[in-house]
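Numbering (UniProt numbering), first residue to last: 1 to 306.
Every residue, glycine too, gets a C-beta built ideally from N, C-alpha and C.
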């Protein structure tokens, strides 16, 4: 559900990065093609303003991989949670829409309408991009698990986008507004997100602490510099190619990421395969280029994924 909520934000983001600009453009074109999209857009754009806070009940815990289970969790949200979330997310709403007031009172019809909107939005925003989402999140988790195993918690937290420091007790993070969350021994769940632009958390500090952050693949693809030592080892073009494959992709997509011809991208991917840094796997009608374990290790060592 985090991918959907943050995808709603990226859909309206005027400063969208290179990797998501095509998705944003194509999605906007699809949504303009029919009036059937107007209801769910009106509903969710109200609940998830850009920029601004959004109610926690839209991102229920645990994080559901299946949209059906997530919708069931939202449908089961109690009246108390609805009222608390909506009051906290929209404290200055002096004249909210009638349907929003009824939602806060636990009106089952309005809850059902929200669930229908969530399902429709998922099918249009997230489902078409799911392979990229899954690949990006999986690669990020793999890389950070390796960092944790080899270098410990301090290195893991230091590499999270937006983290400015950790002294063993306090974790400082760049955030749109000043706030303090006391973990009180509850731990912190780290959630990589493909559609996330900057660190975000739940608005209710009493809920299990969670930090959602942009995946390393997104950061890299949006223009981060490839480390010099990786360039010195592989050369500029192949180093960029290796970094671009943090998110598995087709040859055409790889060419778009690197700004080169499809033929050249194919040659670069072939060199990485011969070196044991990448592999190619068929998925449906497409062939996706993936990093091997060795390729991931090389990126971790070069700080691309730290």
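- Between residue 121 and residue 44, the beta carbon gap of about 6 Å places them in contact (Cβ cut-off 8 Å).
- When the five nearest sequence neighbours on each side are left out, the beta carbons in the same chain lying within less than 6 Å of the beta carbon of residue 205 are those of 181, in order along the chain.
- Beta-bridge analysis with DSSP links residue 280 to 289.
- Per DSSP, residue 135 lies in no beta strand (DSSP E) segment; the continuous alpha helix (DSSP H) that holds it begins and ends at 130-151.
- In this structure, residue 83 places its C-beta atom within 7 Å of the C-beta atom of residue 104.
- The alpha-carbon separation between residue 74 and residue 110 amounts to approximately 12 Å.
- Counting other Cβ atoms within 10 Å of its Cβ, residue 295 reaches 16 or more and is therefore classed as buried.
- In the structure shown, residue 210 falls within a strand segment according to DSSP collapsed to helix, strand and coil.
- 7 Å or more divides the Cβ of residue 71 from the Cβ of residue 124.
- About 11 Å separates the beta carbon of residue 299 from that of residue 278, a gap too long to meet the 8 Å contact definition.
- In the structure shown, residue 172 falls within a strand segment according to DSSP collapsed to helix, strand and coil.
- For the pair of segments examined, the region 27-47 was found not to touch the region 140-156: the number of CB pairs separated by less than 8 Å stays below three.
- For residue 165, the enclosing beta strand (DSSP E) has its first and last residue at 163-166.
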